[in-house]
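Chemist:
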Amino acid sequence: MNTTAPCLFSSLPSALQSRFVQFLRQELGSGQNTTLASPDDWLQAALVVDPTVQVHPARGTFWIRRGRKALENMARHFLVVPRPVAELLDRHQLLRANPADYGLTDEEWLALAL
616 MNTTAPCLFS
626 SLPSALQSRF
636 VQFLRQELGS
646 GQNTTLASPD
656 DWLQAALVVD
666 PTVQVHPARG
676 TFWIRRGRKA
686 LENMARHFLV
696 VPRPVAELLD
706 RHQLLRANPA
716 DYGLTDEEWL
726 ALAL
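Numbering (my numbering), first residue to last: 616 to 729.
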């Protein structure tokens, strides 16, 4: 199978960076139930983490060789809303919930509540 050599995300051409952002939004956002951040926000997050990636051109997919955990943490805390919190907001149960149950900081909880 045909793959490229591992390289830093920032060294990819912009077209591949855009495809990688779509991959991230689908891969990491769908696991959190919803994606709130724009593709530009995801691009900025990927540039900050600058993971080592490997492109699989035949399938149009990416392997994240280093930096996946940082991207997952960033997605979980800043780019998507955790599913239980979204459900609580929908059911107006926010005041009865305990923020510590969801691993949110006070600032994140306040931002969701506003």
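Where is the CB? At the ideal position from N, CA and C, for every residue including glycine.
Residue range of the beta strand (DSSP E) that F677 falls in?
Modeler: Taking the sequence shown and counting its residues from 1, the one referred to as residue 677 is at position 62. Start and end: 676–681.
Chemist: With a threshold of 8 Å on Cβ separation, who are the neighbours of R683 within its own chain once the five nearest residues in sequence on each side are excluded?
Modeler: Locating residue 683 in the sequence shown gives position 68, counting from the first residue. Cβ neighbours of R683 beyond the five flanking positions: P666.
Chemist: Considering only the beta carbon of each residue, do R634 and W657 sit closer than 8 Å?
Modeler: Within the sequence shown, the letter at position 19 stands for residue 634. Within the sequence shown, the letter at position 42 stands for residue 657. Contact flag unset, no.
Chemist: Hey, which unbroken runs of the alpha helix (DSSP H) at 4 residues or more fall wholly within the region 626–674?
Modeler: Complete alpha helix (DSSP H) runs here, min 4: 629–639, 654–664.
Chemist: Given that a residue counts as buried once 16 or more other Cβ atoms are within 10 Å of its Cβ, and exposed if not, what is A660?
Modeler: Within the sequence shown, numbered from 1, the residue matching residue 660 stands at position 45. So A660 ends up on the buried side.
Chemist: Compare the beta carbon distance of F624 and T676 with 8 Å and say whether it is the shorter of the two.
Modeler: Residue 624 sits at position 9 when you count from the first residue of the sequence shown. Residue 676 sits at position 61 when you count from the first residue of the sequence shown. Not a contact, by the Cβ cut-off of 8 Å.
Chemist: DSSP has L694 in a bridge; who is on the other side?
Modeler: Along the sequence shown, read from residue 1 onward, the residue named residue 694 stands at position 79. L694 pairs with nothing; no bridge assigned.
Chemist: Taking just the CA atoms, how far does S626 sit from T618?
Modeler: On the sequence shown, residue 618 is found 3 positions in, with the first residue counted as 1. On the sequence shown, residue 626 is found 11 positions in, with the first residue counted as 1. Taking the straight line joining both Cα atoms gives about 16 Å.
Chemist: Assuming contact is defined by CB atoms lying nearer than 8 Å, are L631 and V670 in contact in what I supplied?
Modeler: Sequence index remark: in the sequence shown, residue 631 carries index 16 (1-based). Sequence index remark: in the sequence shown, residue 670 carries index 55 (1-based). For L631 and V670, yes; Cβs fall inside 8 Å.
Chemist: Going by alpha carbons, who is nearest to L694 out of L643, A685, A652?
Modeler: As a working note, residue 694 is residue 79 in the sequence shown. L694 has its Cα closest to that of A652, out of L643, A685, A652.
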